[in-house]
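Residue numbers (my numbering): 439 to 868. Input: a single structure, listed below in C-alpha cells.
Dropping the structure here:
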C-alpha cells in the first residue's frame with residue numbers, strides 16, 4: 439500500500455510538471471510574416487503529425503512537431519481544409535479556390551499518394567458541375583457523416599465503402615451545428631435540442647430537455663456529463679453550459695462568462711472552442727485585437743473555476759487568431775490555431791494497479807476485442823498510456839468492445855469487478 443501511495447505521489451508531481459507552458463511547434467518559421475499564415479487540417483496519424491498551410495502546403499512531422507518537412511504528396515491538387523485519421527486511412531477534405539465547391543481524397547500510405555473519392559457526392563448549390571464543399575465531417579462505425587455546402591439539404595451519411603450518399607432530413611429545417619463522436623455514439627445539437635444516434639446516424643433520439651436560450655457552437659461529453667459552449671447573444675458574454683444527467687437539466691458555469699474579455703468588435707467575447715478530458719477543460723475565447731495572446735482558459739474542476747493558460751502562446755496583433763481545434767496524442771495536448779502556429783503541452787499521467795488477470799482476443803485488436811471471462815454489464819474504461827480516458831461503457835452480450843475509434847497504440851482496459859479493478863493491456867493496430 440505504501441508503494442502504491444508513493445507511486446501516486448510521484449504521478450501527481452509528474453502531472454504538475456506537465457501542466458507547464460505551451461510549446462510552439464514552429465510551422466510558420468520559414469516565412470517572413472508569420473501571423474498571416476493560415477493553418478488547417480492538422481491531424482495525428484500513425485505516429486506522425488500532418489498540417490496544411492496556405493503558403494507552404496502540406497507538411498509532416500515525425501517527431502510530434504519538433505521539426506517539419508514539406509510532404510510532396512501525389513494525386514491531391516487542392517487546398518486541404520480538414521484531415522481525419524480513421525481506421526488506418528488518412529482522409530483529406532479540400533476547398534477549390536475560386537469556387538464554392540470541394541473535393542475528398544484518401545490515402546493508404548501515410549499521405550504520399552492520394553485517391554480522389556468524390557463519386558456520388560452531392561453537387562454544389564452554387565458552382566454547377568462540382569461537388570459540394572464540406573462544412574463538418576466525422577466518422578462513426580462504418581459511416582462518414584457530413585454537413586455539406588448545400589443550403590436546403592446539407593446533412594448526409596455514407597458507408598465508408600460505398601458511393602451512395604444518404605440524406606439526414608431530420609435536421610434540414612432545424613439545423614445541426616456540428617457532429618461530435620464519443621464511444622461509437624454520434625451527437626449533434628442546435629439552439630433547441632441535443633440529439634444522439636447509436637446506429638451511425640441512421641436514427642436519432644432527443645435528450646430529455648431542451649437547451650436553455652443559447653446559441654451553442656461546440657460540445658463535449660464525459661460519462662453522463664454534457665458540456666456546451668457558445669454565444670450568449672449580442673451584448674452578452676459567451677456561455678459554458680453543463681448537464682450532469684445527459685441533458686435532463688442544465689446549469690450555466692458562470693465564472694468563465696465574467697472572466698472573458700471584450701472582443702475585437704468591442705463586444706463581450708464569445709467562447710469559440712473547447713477540449714474536455716475528465717474534469718480538465720480548456721476553452722478559447724475571442725481575442726480583443728490589442729496585441730494580446732490567444733485567450734485560452736483552463737479549469738481542473740469541471741468548469742467551476744477557470745484561470746488563464748497562455749504561457750508560451752504568441753501575441754496576436756490582428757485579433758483574428760484563435761485555437762480552432764484540440765486533440766491529444768502520445769501524452770500531449772495539441773492546440774491548433776487558425777493562424778501562426780500549432781502548440782502542445784504535456785498532459786498528466788495516471789497509475790493503474792492490477793488486481794487479477796483476464797484474457798482477451800484478438801490482441802493486437804483491429805475493430806474489436808472479446809473478453810469472454812468478464813460478465814455482461816461489467817463497467818469498463820479504456821485508458822491510453824498517457825492516463826487519458828479514451829472510451830468507457832458496459833460490456834454487452836457479445837462480450838466485444840469496439841476498438842475501431844482508437845488510434846494505433848497501447849491501451850489499458852480496466853473492468854470494475856465488485857470492489858476490485860481488473861486491468862488488461864491491449865495493442866490496437868488497424
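Here a beta-carbon is modelled for each residue, glycine too, at the ideal position from N, C-alpha and C.
| Query | Result |
| --- | --- |
| Helix, strand or coil: how does DSSP classify residue 694 here? | helix |
| My parser needs the beta strand (DSSP E) runs of 3 or more residues fully inside the stretch 567 to 630; what are they? | 572 to 578, 581 to 586, 593 to 597, 618 to 620, 623 to 627 |
| Is residue 767 helix, strand or coil when you go by DSSP? | strand |
| Roughly how many whole angstroms lie between the Cα atoms of residue 642 and residue 635? | 5 Å |
| Excluding five sequence neighbours on each side, which residues of the same chain lie with their C-beta closer than 6 Å to the C-beta of residue 548? | 484 |
| Residue 563: which of 555, 653, 588 sits nearest, CA to CA? | 588 |
| Quick one: what's residue 752 bridged to in DSSP? | Note: residue 752 sits in no beta bridge, so no partner. |
| I need the boundaries of the beta strand (DSSP E) containing residue 723, first residue and last residue. | 718 to 723 |
| Let's see if you can read the secondary structure: which residues bound the beta strand (DSSP E) around residue 552? | Counting along the chain, residue 552 falls outside any beta strand (DSSP E), and DSSP gives it neither H nor E. |
| Tell me which residues share the same chain as residue 767 and place their Cβ nearer than 6 Å to its Cβ, disregarding the 5 neighbours each side in the sequence. | 482 |
| Please say whether residue 574 and residue 585 have beta carbons closer to each other than 8 Å? | yes |
| Considering residue 849, what are the terminal residues of the beta strand (DSSP E) in which it resides? | 847 to 855 |
| By alpha-carbon positions, which one of 638, 624, 619, 647 ends up nearest to residue 630? | 647 |
| Have a look at 731, 745, 627 and flag the residue whose alpha-carbon is nearest the alpha-carbon of residue 737. | 745 |
| Identify every residue that forms a DSSP beta bridge with residue 840. | 806 |
| According to the Cβ coordinates, are residue 638 and residue 555 closer than 8 Å? | no |
| Around the C-beta of residue 829, are 16 or more other C-beta atoms found within 10 angstroms, so that it is buried, or is it exposed? | buried |
| Given a threshold of 16 other Cβ atoms within 10 Å of its Cβ, counted over all protein chains shown, does residue 791 qualify as buried or as exposed? | For residue 791, the predicted model reports a pLDDT of 44, less than 50, meaning its position is unreliable; a value from the coordinates is still stated below. Result: exposed. |
| Taking residue 677 as the reference, give the member of 505, 532, 693, 520 with the closest Cα. | 693 |
| Could you tell me which of 633, 623, 620, 859 sits nearest to residue 612, measuring between CA atoms? | 633 |
| The beta strand (DSSP E) that contains residue 811, what's its start and end? | First-last for residue 811: undefined, no H or E at that position. |
| Quick one: grab the DSSP three-state call for residue 828. | strand |
| Exposed or buried, what is residue 862 when buried is set at 16 or more other beta-carbons lying within 10 Å of its beta-carbon? | buried |
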